[in-house]
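Our numbering applies: residue 46 is where the sequence shown begins, and numbers increase by one. Cβ atoms here follow ideal geometry from the backbone N, Cα and C, with glycine treated the same way. Being a predicted model, the structure only gives us computed values, none of them experimental.
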Amino acid sequence: MVMVKKTDVEKLLDKHDNLTHSEELVVISHVQRKDDDWFMNILLVEGTEVPFKFRRRKKYKNLNGARVNLTYYPMTEEIAGMEFEAMKVVRIKVS
Numbered sequence: 046m047v048m049v050k051k052t053d054v055e056k057l058l059d060k061h062d063n064l065t066h067s068e069e070l071v072v073i074s075h076v077q078r079k080d081d082d083w084f085m086n087i088l089l090v091e092g093t094e095v096p097f098k099f100r101r102r103k104k105y106k107n108l109n110g111a112r113v114n115l116t117y118y119p120m121t122e123e124i125a126g127m128e129f130e131a132m133k134v135v136r137i138k139v140s
């Protein structure tokens, strides 16, 4: 029997049911803004209409036009009494 070591992404996917991993996504828009001590990053990805959001302590490099691998959860947030669908990114890597 051959033991195959699982990658970090495979371990995360096994542990969390509604977690999704996508590779080679093309970023068409990347915006970041200061949010208290954090930077809120919002990505729009080619072929989707839902924003992908993540926060970092430091400013992130511009990802416009880059290909990225994302691991994320679906979420909804309420803004001005209306619900919007978004994706909460837990892992991002430029591919």
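Query	Result
Mind checking which residues open and close the beta strand (DSSP E) that includes proline 119?	112–124
Among Val135, Gly92, Lys106, Arg100, which has the Cα closest to the Cα of leucine 115?	Val135
Out of Gly126, Ala111, Met120, Glu128, which has the shortest C-alpha to C-alpha gap to valine 90?	Ala111
Which class does arginine 60 belong to by DSSP, given the choice of helix, strand or coil?	The sequence shown places lysine at residue 60, not arginine. Note: lysine 60 maps to helix in three-state DSSP.
Name the one or two DSSP bridge partners that glutamate 69 has.	Its beta-bridge partners do not exist; DSSP assigns none.
Can you give me the C-alpha to C-alpha distance between phenylalanine 129 and glutamate 94, rounded to a whole angstrom?	11 Å
In chain order, what residues of the same chain lie with their CB nearer than 6 Å to the CB of threonine 121, ignoring the 5 residues before and after it?	Glu128, Glu130
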